[in-house]
Each structure stands twice: as structure tokens, then as C-alpha cells.
Amino acid sequence: MPVITYREALNQALREEMARDDRVFLMGEEVAVYQGAYKVSKGLLQEFGEMRVVDTPITELGFAGVGVGAAMVGLRPIIEFMTWNFALLALDQVVNAAAKMLYMTSGQFNMPMVFRGPNGAALQLAAQHSQAWESWLAHIPGLKVVVPATPYDAKGLLKAAIRDDNPVCFLEGEMLYNTKGEVPEEEYVIPIGKAEVKREGDHVTLISHGKMVLTALQAADTLAKEGIRCEVLDLRTVRPMDVEAITASVRKTNRAVVVEEGWEVCGVGAQVVDYVQRTCFDYLDAPVLRVHQVDAPMPYAKNLEKAAKPDVPKTIAAVKQVLYLD
């Protein structure tokens, strides 16, 4: 299988879906001439032209609204935010228009559209450009929220999102674009709402999504040297969440640690823990712990930023705590 980057996988998904369906178009800041802030749309303007790869002004509310209107009349827009932090300005269209249109029109208007862009912290981008958005968006009925961790998942899930008749928020880890992985050349689509076990184990389940899956895998590799076998479950989709996969894994290992990029209060991990206590209570041998960002805006200073982020040492410490080794 060819080994490509996360950004190349996304680019392939966009290219293939635009070639497959001429209703699909891409719109956003710097997606055309500049080929995307992270070069995800490289070459698409030359291949599909300016009617289907559309540069916009810095007006997130405006072009998100144009996308909603386009979806209502039968097109399949892909709206790229240069970062999901900028999407704050477009939330009215995402939450009050796209998410609710099917419901408010009694099923008359589907919303076949994708909102996508980089999510979460990178390196020293400070408080306003480092937020993980998935828990905010997953709170809203009518939205699907997808957070892929690998190039393989990024391509297959983006293709599924583009084909979906509902609005999908597609959050790409800002630190994942250069990561590499195997991606088959043949056609494939990954169903939205299906988690995947990235590593088998039987001592404790690490439940994660997005770039924190890599953190969980690194922690599992380190712990394996001590004879601790961690199962790593990648949610892949935050809404809808694969409760069956969570239940099966935790009932197998009897312990769980949730590793997430966002803040603690009302985070994705809180929802995971709720599902675990409802479906696995009699199987648990220890409380479920969460590894997350500290409850503060992201600092700019490099040492403080490092201290604020969830990481491998914090994950290892949580695993040892639920195993009663510390």
C-alpha cells in the first residue's frame, strides 16, 4: 500500500469526490490560488476551475451561509475554515441554519454539506488559535462530528462525509497534516459512526480520537515494555458515537482511560464516561480517568503550553493509577 501524508489523503478524497459528482465544490479562504493554508486543496483549482474551487474574503459567516443556501438547492458544498477557531464567527450558520434546516422544514431540505478545517492546538499559536472544537459541535442535534486520526481514516471518512445528506463537521488535527500512513489506491469509504480498535490489549482501554490517538498509541508502546497491555480504541466519530465499540472494549479490559485534547468540563470524555458507567458499571474494576488539557486558555510560552497539553507521560500515569500501580 502507498504511504502518504494526512494532507495528501484529504487531497485525494476531495479530488475523487469532485470528479465523481459535479455537484461537489470547495469554498473558503485561500483554497484556490494559494491551494489551501495547509495545501490540502493543492491542484484542485487547475483541475476543476474557479466555479468549483472558490476563494472567499475573510468572511466566515458569509461563505458558510452561501454554502447552506447551495446545499438547499441541491449542490454539495465543502466549506473550509482556515482553522476551526475562525468558525466561531460562522456558528450561526452552522448551528442555527445547517444543523436545524431538515428539522425546521419538516424534511423538505437536506443539508448535504461538509464544514472542514484544522482543529486543536499546534505549536505556540496561543489562546485564540488552539481550541479543540469537537465537544462544542457534538452538543448540537443535527450535526455529525468526525475527527480522523490517520491518513487512511481521513480519506475514507472525508469521502463518506461528502456523500452524506446531513451537515458534517470534519475536524482535522492541526499537527497531523505531515503524519504518514498507508492508504490504498483502490476506492474505499469508511462509515461515519464506527470506532476502530487501533491496538489490541486486555489490561486497560485507552479511548481517544483525533491526534490524541497517536498519544494513546505512544503511551501503549511504552507501557508494553513493562508488560502492560493497553487496548487503544479510536472513536473516529464523536457524533454519532460508537457506544457498542466502547462497551465491548471496556467489558473486555475492565478499566478505561479517556485521552482527549479539549478541556475537562463538558468535554467529549465526559460523554464517554457517561456511556461507560451506563453500559459497563458491573464490569469496571477501577474508576474511569480522563487525560485532558488543563482548565485554562492555552498559554503562548512554550514551557507553559507543554504543561497545559495532554501527553504521553500524563496518559501513562493515568493508566498506572487505574491499574493501582501508583
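Quick note on the working numbering: the sequence shown kicks off at 9 and runs consecutively. Ideal Cβ positions, reconstructed from N, Cα and C, are used throughout, including at glycine. Only a predicted model underlies this, so the values are computations on that prediction, with no experimental measurement involved.
Per DSSP, reduced to three states, the secondary structure at F178 is strand. Taking the Cα positions, A304 is about 10 Å away from E272. Under the DSSP assignment, D319 falls outside any alpha helix (DSSP H); it carries neither an H nor an E label. Here DSSP, grouped into helix, strand and coil, assigns P126 to strand. Here D63 is bridged, per DSSP, to G36.
Spatial neighbours of A315 in its own chain (CB-CB distance under 6 Å, excluding positions within 5 residues in sequence) are not present.
Boundaries of the beta strand (DSSP E) around I86: R84 to E88.
In the DSSP assignment, D229 falls within the alpha helix (DSSP H) that extends over M220 to A232.
Judged by their CB atoms, V122 and V176 are nearer to each other than the 7 Å cut-off. Going by C-alpha positions, E195 is about 23 Å away from K152. The count of Cβ pairs closer than 8 Å, one atom from the segment 136-149 and one from the segment 203-211, stays below three, leaving the stretches out of contact. Residue pairing from DSSP places A264 in a beta bridge opposite T213.
Under the 8 Å Cβ criterion, the segment 208-222 counts as touching the segment 257-270, having at least three qualifying pairs. The C-alpha of R237 lies about 30 Å from the C-alpha of V197. When secondary structure is reduced to three states using DSSP, L165 falls in the helix class. As a beta-bridge residue in DSSP terms, C238 pairs with V212. Of all alpha-carbon atoms in Y160, H211 and D290, the one lying nearest the alpha-carbon of G235 is that of H211. Restricting attention to L292, V284 and L165, the CA atom closest to the CA of L18 is found in L165. In the structure shown, the three-state DSSP call for T187 is coil. With a 10 Å radius around the Cβ and a threshold of 16 neighbouring Cβ atoms, E190 comes out exposed. With 16 or more other CB atoms across the displayed protein chains lying within 10 angstroms of its CB, F89 is buried.
In the three-state scheme derived from DSSP, where H, G and I count as helix and E and B as strand, T13 is classed as strand.
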